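There are 2 protein chains.
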Amino acid sequence: MNSTKRNKLEAKGWKLGDAQDFLALSDEEMAFIEMKLALSRELKARRLHKHLSQAGFARRINSSQSRVAKMEAGDASVSMDLLIRSLLALGASRKELARFIEQSKRRVA
Amino acid sequence: MNSTKRNKLEAKGWKLGDAQDFLALSDEEMAFIEMKLALSRELKARRLHKHLSQAGFARRINSSQSRVAKMEAGDASVSMDLLIRSLLALGASRKELARFIEQSKRRVA
DNA sequence: TGACTATATGTCATATCTGACATATAGTCT
DNA sequence: AGACTATATGTCAGATATGACATATAGTCA
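Sequence order for the protein chains is A and B. Numbers in my numbering are just positions in the first sequence, counted from 1, shifted up by 61. Numbers in my numbering are just positions in the second sequence, counted from 1, shifted up by 61.
Here's what the structure looks like:
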């Protein structure tokens with residue numbers, strides 16, 4: 062991972078391990094973050110596809126516009142639980158969720 | 062869902078919606094719980110396969126034996142985040158995680 | 001029997017997540 | 001310009017999850 066990428070993650074509030082050389086990051090840590098970011102991207106795509114505003118969607122899932130924005134921005138304060146429950150609420154199937162997770166190895170930018 | 066199944070879930074601390082007839086449960090709610098239970102089963106299977114005790118595994122992931130027991134028991138106090146991070150720590154790949162999620166539609170008992 | 005190991009279960013202080021709110025930014029329309 | 005809509009971002013009180021601990025249960029071995 063280059064430092065640009067790292068900076069982007071840290072700007073979103075991610076606390077990235079205590080790796081000494083400041084660049085290394087465990088594969089597991091990275092995989093987990095990438096999964097969340099993938100779910101976050103899919104969430105936004107699905108919401109837009111349904112022509113829902115963040116506020117409208119928030120109402121549906123008893124959340125708030127600001128939290129939906131954070132979910133879609135890949136904010137570190139958002140749990141996997143919330144991302145998955147939100148995707149399910151948008152009609153995502155297990156199969157689709159599985160695909161998002163399997164294919165999550167993507168660029169962060 | 063029959064009431065036996067529901068009782069088993071409620072015994073583990075799951076708060077199952079407010080469905081009026083006490084049997085109906087949203088597909089999304091059910092899918093989410095089943096995913097967690099599937100991950101929980103896989104976690105136990107992988108740990109045993111590696112001949113690790115709950116205490117030994119807990120040490121590895123900076124957790125505690127009791128929390129590992131709860132993870133494997135499908136306790137409602139365990140988050141998806143923790144389950145997934147734990148599986149990654151046991152060496153599960155994205156592909157495997159995806160499979161567990163896709164195939165999570167299984168019996169609860 | 002007792003010692004040891006593994007797992008289960010309940011509790012709790014603290015850490016983390018969440019919805020809500022305020023406010024900022026940006027685009028569109030009249 | 002001002003009004004309106006959508007999204008972003010920071011903060012925070014309350015809710016939920018967490019590791020740690022105590023303790024229970026059950027199996028094995030000598």
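Just so it is clear, CB atoms sit at the ideal spot from N, CA and C, and this is done for glycine as well. On a predicted model such as this, the values are computed, not experimentally measured, just so you know.
Legend entry - C-alpha gap between A:W75 and A:D136, whole angstroms: 8 Å
Legend entry - Buried versus exposed call for B:S127 [16 or more other C-beta atoms within 10 Å across all chains shown]: exposed
Inset, instruction - Rounded to whole angstroms, what's the CA-CA distance from B:N68 to B:I94? Just pull it up for me. - result: 14 Å
Inset, instruction - Report the three-state DSSP secondary structure of B:A166 (helix, strand or coil). - result: The residue you asked about is not Ala; residue 166 of chain B is Lys in the sequence shown. Correct three-state label for B:K166: coil.
Inset, instruction - Quick one: which residues of the region 124-157 of chain A get their C-beta closer than 7 Å to a C-beta of chain B? List them in chain order. - result: S140, M141, D142, I145, R146, L149, A150, R155, K156
Inset, instruction - Tell me, please, whether the region 116-126 of chain A touches the region 112-131 of chain B by the rule of three or more beta-carbon pairs shorter than 8 Å. - result: no
Inset, instruction - Examine the ligand ADP and report whether any of its heavy atoms sits within less than 8 Å of the Cβ of B:S140. - result: Judged by which ligands are present, the structure shown has none, so any question about the ligand ADP falls away.
Inset, instruction - Could you check the C-alpha separation between B:L98 and A:S101 for me, to the nearest Å? - result: 23 Å
Legend entry - Residues near B:S147 by beta carbon distance below 7 Å, same chain, minus five either side: L104, I122, M132
Inset, instruction - Please name the residue in B:F161, B:L143, B:S140, B:A150 whose C-alpha comes closest to that of B:L113. - result: B:A150
Inset, instruction - List the residues of chain B whose Cβ lies closer than 8 Å to the Cβ of A:A119, in chain order. - result: What A:A119 touches in chain B: nothing, since even the nearest Cβ is about 16 Å away.
Inset, instruction - Would you mind stating whether B:A159 and A:E163 have Cβ atoms separated by less than 9 Å? - result: yes
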